[in-house]
Amino acid sequence: NAGVMQNPRHLVRRRGQEARLRCSPMKGHSHVYWYRQLPEEGLKFMVYLQKENIIDESGMPKERFSAEFPKEGPSILRIQQVVRGDSAAYFCASSPTGTVTDTQYFGPGTRLTVL
Amino acid sequence: GENVEQHPSTLSVQEGDSAVIKCTYSDSASNYFPWYKQELGKRPQLIIDIRSNVGEKKDQRIAVTLNKTAKHFSLHITETQPEDSAVYFCAAILGAGGFKTIFGAGTRLFVKA
Chain W
1 NAGVMQNPRH
11 LVRRRGQEAR
21 LRCSPMKGHS
31 HVYWYRQLPE
41 EGLKFMVYLQ
51 KENIIDESGM
61 PKERFSAEFP
71 KEGPSILRIQ
81 QVVRGDSAAY
91 FCASSPTGTV
101 TDTQYFGPGT
111 RLTVL
Chain U
1001 GENVEQHPST
1011 LSVQEGDSAV
1021 IKCTYSDSAS
1031 NYFPWYKQEL
1041 GKRPQLIIDI
1051 RSNVGEKKDQ
1061 RIAVTLNKTA
1071 KHFSLHITET
1081 QPEDSAVYFC
1091 AAILGAGGFK
1101 TIFGAGTRLF
1111 VKA
């Protein structure tokens, strides 16, 4: 049973380019969460999605960032016109249901570097 | 707004000693409190959790306590080993239909052999 998968593991972009981060949840999981971790800091909640629905995007910056979780395929976090401050590790997690006490299983993360 | 404070930010102990990490949360609606361990360059991994209707939970060398009145919860690691060295994060998850997980800033634990 494969765990949560993220790709790419490392992504380098120049300022102004777009970054697309992918997350495939564990088999049987239909709930995905995205977090951002700046160097030497904790994880910051960004967005919570179910299949085809955004449930809570209160942690997502209003501009340049978007997320989706289509019926088929992985969840995608898209960052448009990246800036140096977007450099961080982006983790996704998945859970089988939307129960508050559900364990969230984390992927290995995508480390984004903006030059 | 929602906030989780975690202390200390760095903790150094001798192998075999105990380590205690403390967190406080602001939102009284929080009802689930997981703890994660993150080794350098790796993903966070759940090590123990506690629900709001429980005051204490233990799993081998790890225990967590919760004081809902004071909005405090703590992680206790006994008989520490060098492989316990990592960053530990506490978190609080809002209940009552909320799904946001608020993480503490992390505690970097060093266990000296």
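In the order they appear, the protein sequences are chains W and U. The opening position of the first sequence corresponds to residue 1 in the working numbering, with each subsequent residue numbered one higher. The opening position of the second sequence corresponds to residue 1001 in the working numbering, with each subsequent residue numbered one higher. Think of the CB as a built atom: it goes at the ideal place given N, C-alpha and C, for glycine as much as any other residue.
For residue i, three-class secondary structure by DSSP
i	result
U/Glu1005	strand
W/Glu68	strand
U/Asp1027	coil
U/Asp1084	helix
W/Asp102	coil
W/Asp56	strand
U/Asp1017	coil
Inter-residue spacing [alpha-carbon to alpha-carbon] between residue i and residue j
i	j	result
U/Glu1039	W/Met46	22 Å
U/Gln1006	W/Val4	27 Å
W/Leu115	W/Ala93	27 Å
W/Glu68	W/His31	12 Å
U/Lys1120	U/Lys1071	The shown model of chain U, from 1001 to 1113, leaves out residue 1120 of chain U, and the question about it has no answer.
W/Glu57	W/Lys44	12 Å
W/Ile55	W/Pro70	13 Å
W/Arg78	U/Phe1033	29 Å
U/Ala1092	U/Ala1105	12 Å
U/Val1020	W/Thr110	31 Å
W/Tyr35	W/Thr113	16 Å
U/Gly1055	U/Thr1024	15 Å
U/Ile1102	U/Ser1030	10 Å
W/Phe91	U/Ala1113	32 Å
U/Lys1042	W/Arg20	21 Å
U/Leu1075	U/Leu1011	13 Å
U/Val1087	U/Lys1037	6 Å
W/Arg9	W/Leu49	21 Å
9 Å Cβ cut-off: residues of chain U touching residue i
i	result
W/Gly107	Arg1043
W/Gly59	Lys1100
W/Phe91	Arg1043, Pro1044
Option in the options with minimal Cα separation from residue i
i	options	result
W/Gln81	W/Glu63, W/Asp56, W/Ala88	W/Glu63
W/Pro87	W/Ser75, W/His31, W/Glu41	For the record, residue 87 of chain W in the displayed sequence is Ser; it is not Pro. If we check each option's Cα against that of W/Ser87, W/Glu41 comes out closest.
U/Phe1089	U/Gln1045, U/Lys1068, U/Gln1014, U/Lys1112	U/Gln1045
W/Pro74	W/Pro61, W/Met60, W/Glu52, W/Val83	W/Glu52
U/Thr1078	U/Lys1068, U/Ser1085, U/Asn1067, U/Gln1060	U/Gln1060
U/Gln1014	U/Asp1084, U/Leu1094, U/Lys1100, U/Thr1107	U/Asp1084
W/Phe106	W/His29, W/Gly85, W/Arg14	W/His29
U/Asn1067	U/Leu1094, U/Leu1109, U/Lys1022, U/Val1111	U/Lys1022
Under 8 Å from the C-beta of residue i: neighbouring residues of chain U
i	result
W/Glu41	Ala1105, Gly1106
W/Tyr45	The displayed chain sequence assigns Phe, not Tyr, to residue 45 of chain W. Neighbours of W/Phe45 on chain U, chain order: Lys1100, Thr1101, Ile1102, Phe1103.
Beta-carbon gap between residue i and residue j smaller than 8 Å
i	j	result
U/Ser1026	U/Asn1003	yes
U/Leu1050	U/Ile1062	Inspection of the sequence shows that residue 1050 of chain U is occupied by Ile rather than by Leu. In this structure, U/Ile1062 does not lie closer than 8 Å to U/Ile1050 by Cβ.
W/Pro108	W/Asp102	no
U/Thr1080	U/Ser1018	yes
W/Arg6	W/Arg22	For the sequence presented, residue 6 of chain W should be read as Gln rather than Arg. Closer than 8 Å, so yes.
Neighbour list for residue i in chain W, Cβ cutoff strictly below 9 Å
i	result
U/Phe1073	Chain W residues near U/Phe1073: none, gap ~15 Å exceeds 9 Å.
U/Leu1046	Thr103, Gln104, Tyr105, Phe106
Contacts that residue i makes with chain W (C-beta to C-beta distance below 7 Å)
i	result
U/Arg1061	Per Cβ cutoff of 7 Å: no residues; U/Arg1061 is ~20 Å from chain W at best.
U/Tyr1025	Ordered by position in chain W, no residue passes the 7 Å Cβ test against U/Tyr1025, which lies about 13 Å from the chain.
Within chain W, the residues that residue i reaches when beta carbons sit closer than 8 Å
i	result
U/Phe1089	Gly42, Leu43
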